[in-house]
Amino acid sequence: MAGLMLRKEEFFPSATQAVAVADRYPQNVFAEHTHEFSELVLVWRGNGLHVLNDRPWRITRGDLFYIRAEDKHS
Numbered sequence: 001m002a003g004l005m006l007r008k009e010e011f012f013p014s015a016t017q018a019v020a021v022a023d024r025y026p027q028n029v030f031a032e033h034t035h036e037f038s039e040l041v042l043v044w045r046g047n048g049l050h051v052l053n054d055r056p057w058r059i060t061r062g063d064l065f066y067i068r069a070e071d072k073h074s
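Using the UniProt record's numbering, read the sequence shown as starting at 1 and increasing by one per residue.
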């Protein structure tokens, strides 16, 4: 997929770091992207719309989902 790819170095300051936590607060639409890493998402509060591989999903507090490195999402 041509497009935005989030790189490991942006989220993992050390090559030996296996887990990183990134808080996301209410935001405008985040551009569709892929990663060099997998992502585990926990919706701590609130709700929204998550688009995964061109399919929209309503997400809400308590949802937990896994995003593979090759998945495109926004």
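The C-beta atom is built at its ideal place from N, Cα and C for all residues, glycine as well.
Note that the coordinates shown come from a computational prediction; the quantities given were computed from them, not determined experimentally.
| Item | Value |
| --- | --- |
| Beta-carbon gap between Ile-67 and Glu-36 smaller than 7 Å | no |
| Rounded straight-line distance, which links the Cα of Ala-15 to that of Asp-71 | 22 Å |
| Collapsed DSSP secondary structure at Glu-70 in the structure displayed | coil |
| Rounded separation between Gly-3 and Thr-60 - CA only | 27 Å |
| Spatially closest choice to Ser-74 from Gln-17, Leu-6, Ala-22, Ala-31, by CA coordinates | Ala-31 |
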